[in-house]
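Residue numbers for the sequence shown follow this note's numbering, so the first one is 3 and each next one is one higher.
Heads up, the beta-carbon is just placed ideally off N, CA and C, and yes, glycines get one too.
Please read these numbers as outputs of a predicted model, since none were measured by experiment.
Worksheet: one structure, shown below.
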Amino acid sequence: MNAPEEKIESLANRIAREHREVRQAIEGVQRVLLKASQKELAAELCSELVRPLTAFRDHLRLHFEFEEDGGIMERAGEISEGTKRKCEELVAQHRDFLARADELVEATESLAASNSPVPAGVIARIDQLFTSLFQHEHEENVLFQHLVYEDLGGGD
């Protein structure tokens, strides 16, 4: 394997690992939400939700920084104008996801401080964020597969 192929393989492995770690952070939040649904959204569970939700948000921020500052989005954007537009769209989604995660952390911190239960609306917004994030991850995977294909000379 030559150096560019090794670099691409290393990036692909890192991205796959990062995506697994984001999913693990999501699972931490989902475990608390499952408890909440079983205990009718008890107030004490709101304080339990703050830590995994904050960990998720912080990990997501680091993951997006890696994708953006690690050069993978920039490199993918160099393939074609269409790929560049897709990279810009995905990076814009990063900002939206982080803003939504920040809002949810702030909401749960506020609810926990007032010893309030987790409102169904907050749970729905968390679920919507995760659903959107899974779709985003799928779109990134398609883009990165295209990048690997083009970088390895498979494309025309």
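Which of helix, strand or coil DSSP assigns to residue i
i      : result
Glu50  : helix
Val120 : coil
Ser134 : helix
Ser82  : coil
Ile17  : helix
Local Cβ density within 10 Å of residue i, reported as buried at 16 or more and exposed below that
i      : result
Arg59  : buried
Leu13  : buried
Glu69  : buried
Val144 : exposed
Ala114 : buried
CB contact flag (residue i, residue j, <8 Å)
i      : j      : result
Glu139 : His21  : yes
Arg102 : Leu131 : yes
Leu149 : Ala94  : no
Glu142 : Leu92  : yes
Val107 : Leu47  : no
Val31  : Pro54  : yes
Leu35  : Ile128 : yes
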